[in-house]
Amino acid sequence: MLNSIPRHDELVQSAAAAGQAHIFKFYDSLSDADKRHLDLQAAAIDWDLIARLISDVVLKPEPFTLPNNIEPAPYFSYLPADAAMRDHYTLAKQRGVTLLREGKIAAFVVAGGQGTRLGWPGPKGTFPATPIKKKPLFQCFVEYIRAMEARHHTTIPFYIMTSTVNHGATVDFFKKHQYFSMPESQIMFFSQDMLPAVGFDGKVLLESPCSMALSPNGHGGSLLALHKSGALSDMRRRGVTQISYFQVDNPIVRCIDPLFIGLHDLHEADMSSKMLPKAFGKEKLGNFCLVDGKIVVIEYSDLPGELAEARLPDGQLKFRAGSIALHAIRRSFVEQLNAHGFALPYHRAEKKVPHIDLNSGEIINPAKPNAVKMETFVFDALPLAQQSIIYETDRLDEFAPIKNSEGVDSPASAADIITRRNANWLDSAHIKTPRKPDGSPDAVIELSASFAIYPEDVADKYTRVPEIQPGTQVYLE
Ligand code: UTP
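Add 132 to the 1-based position in the sequence shown for the working numbering, that's all there is to it.
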């Protein structure tokens, strides 16, 4: 929030210049506190940007044009293909571990989204995600980070981006749980910027007489928020050089992966990514592509079917690298972006946005999309990087997204993935897990991060695992 803000008449002028004076329609009838609330909101908005976005993104959106020279992006495979690559991975992992030991890696979760699809009444990071202990997502991340710290005798600062929709509730949640035993001084919370939703007529919507209908400006806003919040300075002070970026919705994400960060650092990359081979051509993952030598992500909805489905002679998908929003980002890259000014493209999303009718003051809950929300995406910074690498990961080992309340990418599908992953890890250590006739585990199995974060961690712990009976629940820590 701003301490000193422009005078009210100046705010009216700025909003009016962008054609949005109506946001003050009810101003005279508001209490002093509500007047200040609206003034503060208006002061935090870049009205020149809003005017430009209304023209370019809301009223006259440019159709997406596919570059005519796209190629599949190259990547490092999950397992090294030959002896030379094995040596390279060993070196990369050593580099990652050295960076960790020297305290040069920070964990960074973007948790400012609204999580509307999940419909959980609170920040998504507070959602109880694991199958037995029902650990909230935030707890999963802290436990992973603490396990990495213990393993490598180091300290890993944890940066958490929120937005005004969930900042207070996120901070309160951590306080209530004593930061899940991480020292409070190691955690920094900060909020991203907000943007107003705009009706199809180009008018900013009000959610109440004293408030615009605001939503966070997309995970791309993190690159600016890291700078504006002082998080980058904090990282500099602590000696952090690499940022391990992940999303809030994946309970088994490797918040920090020494091999991936080591590869990224060894190749002097500015911003790198993890990928998953797509399960099928039109899977709803962004596609890593190469355009004019730069890595770009083309959204699944923008990649034409014939390319999405194209196969190589060996039968593999030609464009197989799907984005799961895991990045390694060099701190100095984010600093350079902010020092020289950068602009990520704004994406348009048509949404149902409740708002008040300007004439009657009544609340309208639209039955179909009535407004445009504008967001930037972090992967649009990839082409700004001088160097960028992609590393493949394993779907079952690291990807259990919780996006929807049921069905695909839901709490139930994530719980199922977690148990299948854990059963496979136990099996690989010759610890027998009961199986149903279709081969799926016939028990619910949860492993804490202190027990295992890689399959090979299970091998030396087999004496601690009781015999697993069919139909039971087993939690190992
Ligand atoms: P999603 O694209 O899943 O969006 O965000 P969402 O807002 O969380 O959920 P829906 O679409 O309303 O259901 C992917 C990740 O990016 C973060 C989210 O918190 C999540 O970790 N994010 C998204 C932000 O931090 N800020 C944003 O403005 C948008």
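All residues carry an ideal CB built from backbone N, CA and C; glycine is no exception.
{"Query": "Report whether the distance from the Cβ of F560 to the nearest heavy atom of ligand 1 is below 7 Å.", "Result": "The identity of residue 560 in the sequence shown is Ser, whereas the question assumes Phe. Incorrect: S560 has no Cβ contact closer than 7 Å to ligand 1."}
{"Query": "Might you give, ordered along the chain, the residues of its own chain that have their beta carbon closer than 8 Å to the beta carbon of D333, omitting 5 neighbours on each side?", "Result": "none"}
{"Query": "On the DSSP bridge assignment, give the partners of V428 in chain order.", "Result": "C421"}
{"Query": "The beta strand (DSSP E) with R227 in it runs from where to where?", "Result": "R227 -> not in any beta strand (DSSP E); alpha helix (DSSP H) instead, spanning A215 to R233."}
{"Query": "Does the count of Cβ pairs from the region 521-541 and the region 450-466 closer than 8 Å reach three?", "Result": "yes"}
{"Query": "Would you check if there are 3 or more beta carbon pairs closer than 8 Å linking the region 463-475 to the region 436-452?", "Result": "no"}
{"Query": "Report whether the distance from the Cβ of T248 to the nearest heavy atom of ligand 1 is below 7 Å.", "Result": "yes"}
{"Query": "Counting only runs that start and end within the region 241-319, where is the beta strand (DSSP E) found for 3 or more residues in a row?", "Result": "290-294"}
{"Query": "Once you ignore the five residues that flank V428 on each side, which residues in its own chain have a CB closer than 7 Å to its CB?", "Result": "C421, L514 and P515"}
{"Query": "Nearer than 7 Å: is that true of the beta carbon of M293 relative to any heavy atom of ligand 1?", "Result": "yes"}
{"Query": "Can you grab the Cα-Cα spacing for the pair I496 / V336, in whole Å?", "Result": "14 Å"}
{"Query": "Considering only their Cβ atoms, is the gap separating P566 from I600 smaller than 8 Å?", "Result": "yes"}
{"Query": "What do you get for S313, buried or exposed, if any count of 16 or more other CB atoms within 10 angstroms of its CB means buried?", "Result": "exposed"}
{"Query": "Less than 7 Å between C-beta atoms, sequence neighbours within five positions excluded: which residues of the same chain meet that for A224?", "Result": "L391, G394, L395 and L398"}
{"Query": "In whole angstroms, what separates the C-alpha of V540 from that of A165?", "Result": "44 Å"}
{"Query": "Along the chain, where does the alpha helix (DSSP H) containing R139 start, and where does it finish?", "Result": "Looking at the DSSP string, R139 is not in any alpha helix (DSSP H), and its letter there is neither H nor E."}
{"Query": "Confirm the yes/no value for this check: CB of N349, any heavy atom of ligand 1, distance under 7 Å.", "Result": "yes"}
{"Query": "Starting from Q324 and walking both ways along the beta strand (DSSP E), at which residues does that stretch end?", "Result": "From DSSP, Q324 is part of no beta strand (DSSP E); its letter is neither H nor E."}
{"Query": "Three-state secondary structure (DSSP) at H351?", "Result": "helix"}
{"Query": "Check this for me: beta carbons of V330 and V190, under 8 Å apart or not?", "Result": "yes"}
{"Query": "Does the beta carbon of D512 fall short of 7 Å from some heavy atom of ligand 1?", "Result": "no"}
{"Query": "Please report the distance separating the alpha-carbon of P315 from that of T294.", "Result": "19 Å"}
{"Query": "Report the CB separation of Y594 from I264 in whole angstroms; it is logged as a contact under 8 Å.", "Result": "About 20 Å separates the two Cβ atoms, so there is no contact after all."}
{"Query": "So, is E609 buried or exposed, given that buried needs 16 or more other C-beta atoms within 10 angstroms?", "Result": "exposed"}
{"Query": "For R278 and S136, what's the separation of their Cα atoms in angstroms?", "Result": "40 Å"}
{"Query": "How big is the Cα-Cα spacing for L408 and E524?", "Result": "6 Å"}
{"Query": "Any heavy atom of ligand 1 inside 7 Å of the beta-carbon of K360?", "Result": "no"}
{"Query": "For the 8 Å Cβ check, are there 3 or more pairs between the region 151-168 and the region 190-203?", "Result": "no"}
{"Query": "What did DSSP end up calling I582 once you bin it into helix, strand or coil?", "Result": "This sequence places Ser at residue 582; Ile is not what is there. Correct three-state label for S582: coil."}
{"Query": "What is the rounded straight-line gap between the Cα of R552 and the Cα of A544?", "Result": "12 Å"}
{"Query": "Could you tell me which uninterrupted beta strand (DSSP E) segments, each at least 3 residues in length, are contained entirely in the region 469-503, listed from first to last along the chain?", "Result": "479-483"}
{"Query": "Determine the direct distance from the alpha carbon of K410 to that of L611, and round the result to whole angstroms.", "Result": "Here the chain comprises residues numbered 133 to 609, so residue 611 is not present and cannot be evaluated."}
{"Query": "Less than 7 Å between the CB of V242 and some heavy atom of ligand 1, yes or no?", "Result": "yes"}
{"Query": "Say the cut is 7 Å; is the CB of G603 nearer than that to a heavy atom of ligand 1?", "Result": "no"}
{"Query": "Answer yes or no: the CB of E507 versus the heavy atoms of ligand 1, is any distance below 7 Å?", "Result": "yes"}
{"Query": "Does at least one heavy atom of ligand 1 sit under 7 Å from the Cβ of D160?", "Result": "no"}
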